[in-house]
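First residue of the sequence shown? That's 32 in this note's numbering, and the numbers climb one at a time after it.
Just so it is clear, CB atoms sit at the ideal spot from N, CA and C, and this is done for glycine as well.
Below is one structure; the comments refer to it alone.
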Amino acid sequence: MARALLIKQGKLNPESVSVKNYQGDLDISIGEKIVFKQNNSQMKVSNGELAKVIGFEKDKFNNPKAMMVQMESDSRIVRVDLKEYDQFKHGYANTIHSSQGMTVDSAYIVASENMNANLTYVALTRHKQNIQINYSALTFATNEKETVKTPDGKVSYDHNYKPVEREVTAFENFKKVLGRSETKEFSTDFTLVESKDNLMKSYLNDHRLHLENKRELFGINSKLYSLTSENKTFTKEEIVSEVRASLKSKALLGDEIVKFNGNMNIAKGELVKLTNDLEIKTGLFKKVTFEKGTELKVIDAYKVKDKPVMKARIKNEEYEIPFNKLNLEYSDKYFNEFKDQSKARFDSRHKTEVYTEFREQLLKQKANAPKDNLNAPNQRIKNPNTPNRNTPKY
Numbered sequence: 032m033a034r035a036l037l038i039k040q041g042k043l044n045p046e047s048v049s050v051k052n053y054q055g056d057l058d059i060s061i062g063e064k065i066v067f068k069q070n071n072s073q074m075k076v077s078n079g080e081l082a083k084v085i086g087f088e089k090d091k092f093n094n095p096k097a098m099m100v101q102m103e104s105d106s107r108i109v110r111v112d113l114k115e116y117d118q119f120k121h122g123y124a125n126t127i128h129s130s131q132g133m134t135v136d137s138a139y140i141v142a143s144e145n146m147n148a149n150l151t152y153v154a155l156t157r158h159k160q161n162i163q164i165n166y167s168a169l170t171f172a173t174n175e176k177e178t179v180k181t182p183d184g185k186v187s188y189d190h191n192y193k194p195v196e197r198e199v200t201a202f203e204n205f206k207k208v209l210g211r212s213e214t215k216e217f218s219t220d221f222t223l224v225e226s227k228d229n230l231m232k233s234y235l236n237d238h239r240l241h242l243e244n245k246r247e248l249f250g251i252n253s254k255l256y257s258l259t260s261e262n263k264t265f266t267k268e269e270i271v272s273e274v275r276a277s278l279k280s281k282a283l284l285g286d287e288i289v290k291f292n293g294n295m296n297i298a299k300g301e302l303v304k305l306t307n308d309l310e311i312k313t314g315l316f317k318k319v320t321f322e323k324g325t326e327l328k329v330i331d332a333y334k335v336k337d338k339p340v341m342k343a344r345i346k347n348e349e350y351e352i353p354f355n356k357l358n359l360e361y362s363d364k365y366f367n368e369f370k371d372q373s374k375a376r377f378d379s380r381h382k383t384e385v386y387t388e389f390r391e392q393l394l395k396q397k398a399n400a401p402k403d404n405l406n407a408p409n410q411r412i413k414n415p416n417t418p419n420r421n422t423p424k425y
C-alpha cells in the first residue's frame with residue numbers, strides 16, 4: 032500500500048526488478064527503502080537496519096545477482112549478494128519489536144490487541160518530530176463488562192443487590208491494552224483478586240479444623256488444597272492458551288493464519304513439531320526427510336494450485352509443505368521454557384479461578400441457609416455446641 036502510493040505520487044520509479052527474499056519474489060525499484068531482517072557480520076548489517084537501494088548488479092542473463100544499497104544509519108554503500116543473503120523486505124513498516132533502537136523523523140503506529148505497556152513505550156519513543164497512533168474500533172471491540180463504582184470507589188448495586196455493570200467501550204479497551212503490564216508485579220489488574228484471595232485463605236485457615244471433615248459436603252475438596260498447594264496443575268489447552276497470549280504480547284507471534292485440522296490455532300511465527308516422519312520433494316529427483324519430533328517455525332499458509340500448503344522454516348531452510356503431509360502439535364518449548372517465562376500469567380489465572388470458585392460456593396451457601404453459621408456448610412452438620420465465629424466480609 033505504501034509502495035503503491037509512492038509510485039502514484041511519482042516518488043518511486045514504477046520500473047522494478049524482481050528479486051528473491053526469504054518470503055518469495057519481491058519487486059524492488061531504485062530508491063526503494065528496505066529493512067534487513069537478520070544480522071550479517073560480513074556486510075556489517077544488523078536486524079532492523081534500514082537502507083536505500085541505489086543499484087543492481089546483473090549476470091550475463093540479465094538476472095539480478097547483487098543489490099547495492101546505502102545504509103540509512105551511516106551512509107555506507109553495501110553490496111548484498113542475493114544468493115548469499117535474502118533476509119530483507121520492503122522497509123515501509125516494521126513491527127514494534129524489530130524497531131527497537133531505531134530513530135525516525137515521523138512515526139505512524141497501528142495499534143493491535145497484542146500490545147502492552149512495554150511495546151507501547153518502544154513505539155512512542157522512536158520519533159524525533161511527529162507521531163500518530165491509529166486503532167480500529169472493530170479490533171478493540173469487546174464483550175467485557177465492568178462494575179460501576181460510586182465516586183468514593185465503592186461498587187454500585189441494584190435493587191436485587193447485584194453489582195451494576197456497564198459495557199467497556201472500544202476506546203477504553205484500547206487504553207487498557209496499551210497500558211497493561213506483562214508482569215503482575217507492575218500491574219494493578221490483579222490487586223482486587225489478590226486481596227480477595229488473601230481474605231479467603233485467612234477464612235479457611237481460621238476454620239480449617241471444622242471444614243477438614245466436612246469439605247466434601249461443601250464441594251471444595253480439591254479447591255481447598257489448590258489454594259495452598261505449590262503443585263498447581265493446568266490442562267494442556269490452558270498452557271497453550273496462556274503461552275500463546277504471552278508470545279503475542281511480546282510480538283513473537285503474528286496474525287492467526289490457519290486452524291490446522293480444525294482444532295489447532297496456528298499463527299505466523301508459531302513453533303510446532305512433527306508427530307510423524309515427513310518427506311518433502313525438493314526437485315525432480317531430490318527429496319529430504321525429517322524425523323518425528325523435528326521442530327518447524329511457521330512462516331505462512333496459502334494455496335498452491337487450489338491445495339493448501341504451509342510455508343515453514345526447518346533447520347534454517349524454508350519449505351512449502353502440503354497440509355495432507357503434515358501431522359503437528361505445539362513445540363515442547365510451550366510446556367517448559369515458554370511456560371516458565373509466563374509464570375506470572377499462570378499465577379494470576381490460578382488466583383482468579385480459585386477466588387471465583389470459592390465466592391460462588393460461599394454465596395450459594397449464604398443464600399440457601401442465611402440463618403446458619405457459615406462455619407456449617409449445610410443444615411445436616413449443625414452443632415449447637417459450636418461457638419459462633421466471625422464470618423467473612425465482602
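Where does residue i sit, in a helix, a strand or coil, going by DSSP?
{"i": "Glu115", "result": "coil"}
{"i": "Leu81", "result": "strand"}
{"i": "Ser130", "result": "helix"}
{"i": "Ser49", "result": "strand"}
{"i": "Val335", "result": "strand"}
{"i": "Leu209", "result": "helix"}
{"i": "Gly41", "result": "coil"}
{"i": "Gln69", "result": "coil"}
{"i": "Gln372", "result": "helix"}
{"i": "Ala33", "result": "helix"}
{"i": "Phe354", "result": "helix"}
{"i": "Val76", "result": "strand"}
{"i": "Ala298", "result": "strand"}
Give the straight-line distance between the Cα atoms of residue i and residue j, rounded to the nearest whole angstrom.
{"i": "Tyr350", "j": "Lys159", "result": "41 Å"}
{"i": "Lys206", "j": "Ala276", "result": "18 Å"}
{"i": "Glu287", "j": "Gly314", "result": "30 Å"}
{"i": "Arg110", "j": "Asn347", "result": "23 Å"}
{"i": "Asp112", "j": "Ala282", "result": "30 Å"}
{"i": "Ile59", "j": "Asn125", "result": "17 Å"}
{"i": "Val66", "j": "His121", "result": "6 Å"}
{"i": "Met102", "j": "Ile330", "result": "27 Å"}
{"i": "Leu258", "j": "Thr156", "result": "Caution is warranted here: a pLDDT of 48 is assigned to Leu258, below 50, making its placement in the model unreliable, and no coordinate value can be reported."}
{"i": "Tyr152", "j": "Asp105", "result": "26 Å"}
{"i": "Asp308", "j": "Leu327", "result": "13 Å"}
{"i": "Lys338", "j": "Lys356", "result": "12 Å"}
{"i": "Gln163", "j": "Gly132", "result": "19 Å"}
{"i": "Thr170", "j": "Lys318", "result": "43 Å"}
{"i": "Arg211", "j": "Ile352", "result": "38 Å"}
{"i": "Arg34", "j": "Val179", "result": "47 Å"}
{"i": "Lys185", "j": "Asn296", "result": "41 Å"}
{"i": "Ile311", "j": "Lys323", "result": "14 Å"}
{"i": "Ala148", "j": "Phe119", "result": "28 Å"}
{"i": "Val84", "j": "Val199", "result": "47 Å"}
{"i": "Val274", "j": "Gly285", "result": "14 Å"}
{"i": "Phe202", "j": "Ala168", "result": "7 Å"}
Between the options, which lies nearest to residue i when the distance is taken from Cα to Cα?
{"i": "Lys42", "options": "Asn52, Val50, Glu63", "result": "Glu63"}
{"i": "Glu268", "options": "Ala375, Tyr361, Ala172, Ser143", "result": "Tyr361"}
Can you say whether residue i is buried or exposed, counting buried as having 16 or more other CB atoms within 10 angstroms of its CB?
{"i": "Ser72", "result": "exposed"}
{"i": "Gly79", "result": "buried"}
{"i": "Val100", "result": "buried"}
{"i": "Ser373", "result": "buried"}
{"i": "Arg197", "result": "exposed"}
{"i": "Ser280", "result": "buried"}
{"i": "Ser77", "result": "exposed"}
Any beta-carbon of chain D closer than 7 Å to the one on residue i?
{"i": "Asn161", "result": "The chain inventory of the structure shown lacks chain D, comprising one protein chain alone."}
Worksheet entry | Uninterrupted alpha helix (DSSP H) stretches inside the segment 138-185 (no shorter than 4 residues) | Inside the segment 138-185, DSSP marks whole alpha helix (DSSP H) runs of 4 or more residues at positions 148-154, from first to last along the chain.
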